[in-house]
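Heads up, the sequence shown is in my numbering, so the first residue is 3 and it goes up one at a time.
Ideal Cβ positions, reconstructed from N, Cα and C, are used throughout, including at glycine.
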Amino acid sequence: MQYKTNQLEKTVLFSNENFQHITQDFWVYKFTTVNPSYQYSLIDDLKQDLPNVKSVVYLQGKAFYTLFEKAKFKNDFELEDKIKSVINNSEEVQFSQITNLRDENEIDKCHLAQLLFNSLANTSSKNAKCSNITGSLYWVIKAVEAKEKEDKAKMTWQYITLKLELDYHLHLKIEVKTFSNLLMTGKMNFANRKTQLKDYLQYEILSGNIRSMRRLKSKEYNKKPETTYILAQADGKKSTVSFLDFSDWNSFEMSKSGVLYLFLKEVQEQLSKYITIKFVELPFSQEKTEFDKQLSDSVKAKIKEFYQNKPIVINIADSLKDNQEAKQLAQDLQTFLTDKEREYKAKNVTFGNLSESALNIRIIRSKENYDEQNDEHCNKYQNGKYRNFLVHHITTDDFDIELEKTKNGETKKILSNPAIDVILKESYIKNDIKQGKITILDWTFGEWLFMGKEEIKEENQSSKDKKYAFHLLKVLENGNLEFTTCLPDQVFSNSDYERLKSIYQTYDKFNGREFLNCLLVSNHQDVNLIFETPRFTIQEIEKIGEKLELEAQETELQKSQVLAILEKFVAENQSFASDEKLQNTINHLKNFRDKLSKDELNNIFKEQGLINRTKIKKAFCDFYYQNSEQYLGRKDVLHHFFKGKEEIEELFASNTNIYYQNENATEAFYFVGVVPKQIQTSFQNATNIRKIKAVKNLKGQQSRLVFDQLLQTMAVDFVKQGSLTVLPFPFKYLREIQK
Numbered sequence: 003m004q005y006k007t008n009q010l011e012k013t014v015l016f017s018n019e020n021f022q023h024i025t026q027d028f029w030v031y032k033f034t035t036v037n038p039s040y041q042y043s044l045i046d047d048l049k050q051d052l053p054n055v056k057s058v059v060y061l062q063g064k065a066f067y068t069l070f071e072k073a074k075f076k077n078d079f080e081l082e083d084k085i086k087s088v089i090n091n092s093e094e095v096q097f098s099q100i101t102n103l104r105d106e107n108e109i110d111k112c113h114l115a116q117l118l119f120n121s122l123a124n125t126s127s128k129n130a131k132c133s134n135i136t137g138s139l140y141w142v143i144k145a146v147e148a149k150e151k152e153d154k155a156k157m158t159w160q161y162i163t164l165k166l167e168l169d170y171h172l173h174l175k176i177e178v179k180t181f182s183n184l185l186m187t188g189k190m191n192f193a194n195r196k197t198q199l200k201d202y203l204q205y206e207i208l209s210g211n212i213r214s215m216r217r218l219k220s221k222e223y224n225k226k227p228e229t230t231y232i233l234a235q236a237d238g239k240k241s242t243v244s245f246l247d248f249s250d251w252n253s254f255e256m257s258k259s260g261v262l263y264l265f266l267k268e269v270q271e272q273l274s275k276y277i278t279i280k281f282v283e284l285p286f287s288q289e290k291t292e293f294d295k296q297l298s299d300s301v302k303a304k305i306k307e308f309y310q311n312k313p314i315v316i317n318i319a320d321s322l323k324d325n326q327e328a329k330q331l332a333q334d335l336q337t338f339l340t341d342k343e344r345e346y347k348a349k350n351v352t353f354g355n356l357s358e359s360a361l362n363i364r365i366i367r368s369k370e371n372y373d374e375q376n377d378e379h380c381n382k383y384q385n386g387k388y389r390n391f392l393v394h395h396i397t398t399d400d401f402d403i404e405l406e407k408t409k410n411g412e413t414k415k416i417l418s419n420p421a422i423d424v425i426l427k428e429s430y431i432k433n434d435i436k437q438g439k440i441t442i443l444d445w446t447f448g449e450w451l452f453m454g455k456e457e458i459k460e461e462n463q464s465s466k467d468k469k470y471a472f473h474l475l476k477v478l479e480n481g482n483l484e485f486t487t488c489l490p491d492q493v494f495s496n497s498d499y500e501r502l503k504s505i506y507q508t509y510d511k512f513n514g515r516e517f518l519n520c521l522l523v524s525n526h527q528d529v530n531l532i533f534e535t536p537r538f539t540i541q542e543i544e545k546i547g548e549k550l551e552l553e554a555q556e557t558e559l560q561k562s563q564v565l566a567i568l569e570k571f572v573a574e575n576q577s578f579a580s581d582e583k584l585q586n587t588i589n590h591l592k593n594f595r596d597k598l599s600k601d602e603l604n605n606i607f608k609e610q611g612l613i614n615r616t617k618i619k620k621a622f623c624d625f626y627y628q629n630s631e632q633y634l635g636r637k638d639v640l641h642h643f644f645k646g647k648e649e650i651e652e653l654f655a656s657n658t659n660i661y662y663q664n665e666n667a668t669e670a671f672y673f674v675g676v677v678p679k680q681i682q683t684s685f686q687n688a689t690n691i692r693k694i695k696a697v698k699n700l701k702g703q704q705s706r707l708v709f710d711q712l713l714q715t716m717a718v719d720f721v722k723q724g725s726l727t728v729l730p731f732p733f734k735y736l737r738e739i740q741k
């Protein structure tokens with residue numbers, strides 16, 4: 003089975019015909035600036051004076067590429083004369099035409115492709131929601147408007163966007179970026195940020211049209227704050243965009259996958275002459291590990307038994323003693339944890355001081371509200387007299403409030419069940435660490451080592467001088483745990499551990515393709531490395547998007563057409579022919595007016611008891627879609643069905659379960675999705691692809707690939723309900739130590 007990734011296939015990206023069309027229609031120029039004053043303002047001047055600058059891509063340093071339409075000029079001499087008229091000093095700014103687009107020494111394929119992608123912002127497509135801002139392509143997801151009186155124009159406080167960008171290895175990255183109005187800076191504490199306000203680039207957006215956004219020159223800064231934006235978010239806030247939401251068309255087009263679907267459509271419509279997009283596909287057929295319900299039930303039973311015997315103390319930090327929100331959270335927690343209907347019902351939940359014999363749930367303020375010296379996340383409760391206490395810190399921001407109907411039909415507010423679930427599972431793991439033994443499941447793998455690193459931040463530390471501590475976990479044959487930490491500028495007392503650290507450091511260099519995540523050593527001394535890569539899986543978004551888009555289209559149906567489809571449907575599905583509800587639906591439709599909408603047709607089915615979950619309605623909707631062109635003259639969807647077993651396997655296989663594939667004798671790839679039965683209508687995060695590499699062991703011998711021996715330990719939702727573990731679970735113990 004092949005799965006699409008977000009990496010573009012380099013061998014087909016530009017055909018000879020593509021290059022010919024680009025050469026016929028465009029000029030590509032490279033600009034190199036010497037004077038820093040030109041770093042940000044030059045291209046804005048060019049765009050203002052030459053509206054036919056199609057797009058821009060910035061390089062590292064003071065250089066960038068531009069794309070010009072030939073049709074806008076008599077010849078390249080006219081273009082270059084106009085460029086020269088903008089440049090004040092030819093010695094400070096040099097430019098040259100790229101004459102051979104095939105030569106990657108002149109322009110890389112990733113930059114040429116990005117130039118074309120960025121040009122989408124300057125097309126005439128009325129449905130385009132992207133913007134070209136001096137070298138980047140942003141797709142607007144949401145505009146957050148201020149609530150003004152009716153007689154006042156509404157001000158847009160923020161633009162939440164997705165940035166679509168190719169890296170050097172042609173991975174298409176989709177990142178959330180928030181542009182905030184300059185008047186919002188009062189909600190931002192720049193003292194705690196690496197970049198001060200004066201150093202933020204400023205952008206102007208006129209008339210609420212992000213396509214008109216331009217980067218301001220420094221002399222224009224702060225002149226018109228009501229139309230000026232910076233790339234920053236308010237303190238304590240985070241803009242999130244689901245990776246895939248297939249609830250309906252509106253939700254889909256506001257997700258990352260929906261934007262990718264629209265982007266690919268625009269590329270096909272506007273750029274198919276110039277570029278060919280094909281995603282790299284990987285085979286993942288060697289080993290599939292499904293959710294282990296038996297193991298998961300065993301884990302849940304152990305956690306349930308633990309909290310029936312373990313007292314829980316809810317403690318509020320001194321800084322929040324008078325905070326009503328914290329007090330209410332404490333009350334809600336006690337009510338929730340003692341609710342008999344909950345899976346993990348606690349027997350004894352009280353308020354008070356920290357107790358060494360209890361699980362202590364401690365309510366504190368958000369981490370950004372503390373400095374390093376007074377941080378309640380890491381001071382005396384971690385390193386002082388409470389070091390051996392079982393303490394789990396939470397904040398009021400950690401919980402969502404949900405509505406739930408009681409047995410009496412009344413509605414009450416409750417805490418989010420998944421958030422509580424996470425607390426209890428993570429606290430159980432912390433208790434294992436405190437006791438020095440794995441009990442959450444039976445360890446039967448022999449003696450293994452697991453190593454990871456943690457950045458140690460110091461005051462006034464530059465990004466080039468990062469320091470790291472190395473943490474090592476040894477799991478013995480009986481499940482006992484031994485932790486060892488090596489701080490920066492120190493060495494492990496165990497020489498083998500120090501040599502493992504050296505192996506880690508040798509491969510711990512980000513190269514644009516992957517970076518080292520962790521190291522493990524098997525019971526037979528094989529050393530495997532786990533790398534994170536920029537790759538993630540892409541679902542069948544063309545099929546999903548097409549159906550949702552067609553479903554959302556308002557379609558006026560002729561009654562005669564619908565009856566003809568129903569007649570054919572019954573003829574080909576004789577098992578449904580005598581169904582009373584279906585016959586009532588047909589009879590009701592015969593007495594309906596001559597024209598009707600899809601909503602009205604769906605309601606007719608519903609009124610006769612054929613709701614969307616019924617076998618007949620689903621079968622008819624599939625038949626309607628497959629035969630709509632024949633009977634309606636166009637493709638159409640009455641209602642989408644994506645959550646059946648067959649649909650999940652067809653559309654979302656690369657987002658479910660665990661797939662592992664050897665690439666060669668020393669390298670393999672794997673990805674971890676969700677439990678298929680837990681799929682709702684969205685995936686919050688992408689399914690990232692990780693790489694395994696077997697390297698030489700401490701004896702200098704080539705290791706075998708052994709990571710797959712631990713796959714079964716990942717087939718349990720250890721922390722988040724419905725989400726499988728992306729790394730073998732001992733790394734969860736190691737991460738808890740790092741916290």
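Item: Secondary structure at isoleucine 143, three-state DSSP: helix, strand or coil?; Value: strand
Item: Check whether the Cβ of leucine 322 lies closer than 7 Å to any heavy atom of the ligand PLP, and answer yes or no.; Value: Here there are no bound small molecules, and the ligand PLP is not part of this structure.
Item: Measure the CB-CB distance between lysine 583 and glutamine 560 and report whether it falls below 8 Å.; Value: no
Item: Is it the case that the Cβ atoms of glutamine 527 and asparagine 699 are separated by a distance below 8 Å?; Value: yes
Item: Tell me where the beta strand (DSSP E) around phenylalanine 472 begins and ends.; Value: 469-477
Item: Hey, out of Trp445, Leu712, Ser274, Phe594, whose CA is closest to glutamate 19's CA?; Value: Ser274
Item: Please report the Cβ distance between isoleucine 318 and alanine 332, rounded to the nearest whole angstrom; I am assuming they are in contact, meaning their Cβ atoms lie under 8 Å.; Value: 6 Å
Item: Does DSSP classify tyrosine 231 as helix, strand or coil?; Value: strand
Item: Kindly provide the ranges of any alpha helix (DSSP H) runs that are 4 or more residues long and lie completely inside the stretch 243-321, ordered along the chain.; Value: 251-255, 258-273, 295-311
Item: Do you know whose CA, among Pro732, Leu172, Ser577, Gln116, lies nearest leucine 475's CA?; Value: Pro732
Item: Would you mind reading off the limits of the alpha helix (DSSP H) that contains isoleucine 365?; Value: Not the alpha helix (DSSP H): isoleucine 365 falls in the beta strand (DSSP E), residues 361-365.
Item: Check for me: the alpha helix (DSSP H) holding valine 88 runs from which residue to which?; Value: 78-88
Item: Can you tell me which of Ile365, Lys290, Asp201, Phe338 puts its alpha carbon nearest to the alpha carbon of glutamine 326?; Value: Ile365
Item: Are the beta-carbon atoms belonging to isoleucine 694 and alanine 670 less than 8 Å from one another?; Value: yes
Item: Could you check what DSSP says for phenylalanine 517 in three-state terms: helix, strand or coil?; Value: strand
Item: Does alanine 670 come out as helix, strand or coil in the three-state DSSP assignment?; Value: strand
Item: Any idea if valine 676 is buried or exposed, counting beta-carbon neighbours within 10 angstroms, 16 or more meaning buried?; Value: buried
Item: Taking only runs that begin and end inside the stretch 487-565, name each unbroken beta strand (DSSP E) of 3 or more residues, in chain order.; Value: 517-523, 529-540, 558-560
Item: Going by beta-carbon coordinates alone, are methionine 157 and asparagine 183 separated by less than 8 Å?; Value: yes
Item: State the DSSP-derived secondary structure class of lysine 342, mapped to helix, strand or coil.; Value: coil
Item: Reducing DSSP to helix, strand and coil, say where glutamate 108 ends up.; Value: coil
Item: Would you check if the distance between the CB atom of tyrosine 202 and the CB atom of alanine 236 is smaller than 8 Å?; Value: no
Item: Tell me, please, which residues DSSP counts as bridged to leucine 598.; Value: Leu559
Item: Within the continuous beta strand (DSSP E) that includes arginine 195, where are the two ends?; Value: Premise fails: arginine 195 is in no beta strand (DSSP E) and is neither H nor E.
Item: Short of 6 Å in beta carbon distance, which residues of its chain neighbour histidine 113, apart from the five on each side in sequence? Order them along the chain.; Value: Val59, Tyr67
Item: Going by other Cβ atoms of all chains shown within 10 Å of its Cβ, with 16 needed for buried, is proline 285 buried or exposed?; Value: exposed
Item: Excluding the 5 residues preceding and the 5 following serine 495 in the sequence, name in chain order all residues of the same chain whose CB lies nearer than 6 Å to its CB.; Value: none
Item: Using only the alpha-carbon positions, how far apart do aspartate 601 and phenylalanine 248 sit?; Value: 19 Å
Item: Give the straight-line distance between the Cα atoms of tyrosine 533 and threonine 689, rounded to the nearest whole angstrom.; Value: In the sequence as presented, tyrosine is not what sits at residue 533; that position holds phenylalanine. Those two C-alpha atoms are separated by around 14 Å.
Item: For the putative contact between leucine 335 and asparagine 362, defined by C-beta atoms under 8 Å, what is the C-beta separation to the nearest angstrom?; Value: Actually they do not touch by this definition, with Cβ atoms about 12 Å apart.
Item: State buried or exposed for valine 36, treating a residue as buried only when at least 16 other CB atoms are found within 10 Å of its CB.; Value: exposed
Item: Between glutamine 704 and cysteine 520, what straight-line distance do the alpha-carbon atoms span, to the nearest angstrom?; Value: 18 Å
Item: Quick check on lysine 459: does DSSP put it in helix, strand or coil?; Value: coil
Item: Hey, would you say serine 2 sits closer than 8 Å to asparagine 124, going by beta carbons?; Value: Here the chain comprises residues numbered 3 to 741, so residue 2 is not present and cannot be evaluated.
Item: Quick test of your reading: aspartate 638 and threonine 587, contact by CB under 8 Å. State the CB separation rounded to the nearest angstrom.; Value: That belief does not hold up - the Cβ atoms of aspartate 638 and threonine 587 are roughly 18 Å apart, past 8 Å.
Item: Measure the alpha-carbon distance for glutamine 555 versus aspartate 581 and round it to whole angstroms.; Value: 30 Å
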